[in-house]
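Chemist: Just dropping this structure here.
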Amino acid sequence: MLAQQRQQAILERVRRNGAARVSDLVRELGVSDMTIRRDLEVLAERGLIEKVHGGATATGTGSTEEPGFAAKSVRQQPEKEAIARRAAELVRPGTSVALSAGTTTWTLAHQLVDVPGLTVITNSVQVADVFHRAGRPDQTVVLTGGVRTPSDALVGPVAVAAIRELNVDTLMLGVHGMNLRAGFTTPNLLEAETDRELVAAAQQLVVLADHTKWGTVGISTIAKLEEAHVVISDTGLPEEATTALSDQVGTLLLVDPATTAQAVAQ
1 MLAQQRQQAI
11 LERVRRNGAA
21 RVSDLVRELG
31 VSDMTIRRDL
41 EVLAERGLIE
51 KVHGGATATG
61 TGSTEEPGFA
71 AKSVRQQPEK
81 EAIARRAAEL
91 VRPGTSVALS
101 AGTTTWTLAH
111 QLVDVPGLTV
121 ITNSVQVADV
131 FHRAGRPDQT
141 VVLTGGVRTP
151 SDALVGPVAV
161 AAIRELNVDT
171 LMLGVHGMNL
181 RAGFTTPNLL
191 EAETDRELVA
201 AAQQLVVLAD
211 HTKWGTVGIS
221 TIAKLEEAHV
231 VISDTGLPEE
241 ATTALSDQVG
251 TLLLVDPATT
261 AQAVAQ
């Protein structure tokens, strides 16, 4: 296969699925890791894709654009791992915790399967599946009903009605973007409504958002910055964002992905 044909095949796969991993492309196209990375570089330079850690995602940044779960799962993986590990330290055994939909909260779910006696409320199919596969008998998982979004969130009147009857100790909220004016946002109107119910149900709001979320504005606001008791982000956060968040939120925690990765390796 010629380089141009291979790059077209990669582009079509990214556009069809929203993302593609280098390892999958190596296996499917039968070429080396280095060849795939060069192809991704060429496509990124032409503005046809966005290169991310371990692969590529489709381009586009509109306020109503909602990437699928697969597309988001390959973005900022080291940052999400570090944020999830720090967030897990805030969850005590025997408490109730709500996890909104998203790949950062999904990453956190893998950390929380080891916490005994948890009651987990979520509107995420992917998050619920993590706990289901772990199969701990001392954990209770409540999955709301609702209409499924591209990011595998369950939203709408059924989800809102289920959440409205609940009270939880802590909400771990993943967001599409955060901005000084707009606050924490999402590109999906129904998801914003559902997430607002989660915020209302929780005694403590913890927002999980890597540095790339700063300055991104979805069409609908979930909560204002000052409503967050804790925001966990990473050291890639711009200085102006660090200053703004420190002034607005209860506590800002910044994690270093490199340090976390080294600790895990050891």
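Heads up: the sequence shown runs through residues 1 to 266, numbered per UniProt numbering. Every residue gets a Cβ at the ideal spot worked out from N, C-alpha and C, and that includes glycine. Values in this document were obtained by computation on a predicted structure and should not be read as measured data.
#1: Note down, in chain order, each residue of its chain lying with its Cβ closer than 7 angstroms to the Cβ of ASP152, except the 5 sequence neighbours on either side.
#2: LEU118 and ALA88 - do their beta-carbons sit closer together than 8 angstroms?
#3: Tell whether a beta-carbon distance below 8 angstroms holds between LEU237 and GLY183.
#4: Taking all protein chains shown into account, decide if PRO257 is buried (16 or more other Cβ within 10 angstroms of its Cβ) or exposed.
#5: Can you list, in chain order, the residues of its chain whose CB lies under 7 angstroms from that of ARG164, leaving out five sequence neighbours each side?
#6: In whole angstroms, give me the CA-to-CA distance for ALA98 and ALA209.
#7: CB-CB under 8 angstroms to LEU154, same chain, minus the five flanking residues each way: which ones, in chain order?
#8: Is ALA120 near HIS132, with beta carbons less than 8 angstroms apart?
#9: Nearest-angstrom Cα distance between PRO137 and MET1?
#10: Mind checking whether GLY174 and THR95 have CB atoms under 8 angstroms apart?
#11: At which residues does the beta strand (DSSP E) containing ASP169 begin and terminate?
#12: DSSP on ALA263, reduced to helix/strand/coil?
#13: Quick one: residues in its chain with C-beta nearer than 6 angstroms to the C-beta of ALA56, no 5 flanking neighbours on either side, listed in chain order?
#14: Going along the chain, which unbroken runs of the alpha helix (DSSP H) with 4 or more residues stay wholly within the stretch 180-260?
#15: Taking the CB atoms as reference points, tell me whether THR228 and VAL255 lie closer together than 8 angstroms.
#16: First and last residue of the beta strand (DSSP E) that includes THR103?
#17: Just the C-alpha distance for residue 276 and GLY177, rounded to the nearest angstrom, thanks.
Modeler: In brief:
#1: Only PHE69, ALA101, SER124, VAL125 and GLN126 meet the Cβ criterion.
#2: Contact flag unset, no.
#3: In this structure, GLY183 does not lie closer than 8 angstroms to LEU237 by Cβ.
#4: The residue is buried, with at least 16 neighbouring Cβ atoms inside 10 Å.
#5: Closer than 7 angstroms at Cβ, skipping near neighbours: GLU197.
#6: The alpha-carbon atoms of ALA98 and ALA209 are separated by roughly 16 angstroms.
#7: Only ALA101, ASN123, SER124, VAL125, LEU143, THR144, GLY145, GLY146, VAL147, ARG148 and THR194 meet the Cβ criterion.
#8: Note that residue 120 is Val in the sequence shown, not Ala. Result no, Cβ atoms of VAL120 and HIS132 do not sit closer than 8 angstroms.
#9: One C-alpha to the other measures close to 52 angstroms.
#10: In this structure, THR95 does not lie closer than 8 angstroms to GLY174 by Cβ.
#11: Looking at the DSSP string, the run of the beta strand (DSSP E) that includes ASP169 is 168-174.
#12: Confidence at ALA263 is low in this model, with a pLDDT of 47, below 50, so its placement is unreliable and no value can be given for it.
#13: Here the set comprises VAL14, ALA20, LEU40 and ILE49.
#14: Counting whole runs of 4 or more residues, the stretch 180-260 contains the alpha helix (DSSP H) stretches 189-201 and 239-248.
#15: A small correction: the amino acid at residue 228 is Ala; Thr does not occupy that position in the sequence shown. Note that the C-beta distance between ALA228 and VAL255 is not below 8 angstroms.
#16: Counting along the chain, no beta strand (DSSP E) covers THR103; the unbroken alpha helix (DSSP H) around it starts and ends at 103-112.
#17: This structure cannot speak to residue 276, because the chain is shown only from 1 to 266.
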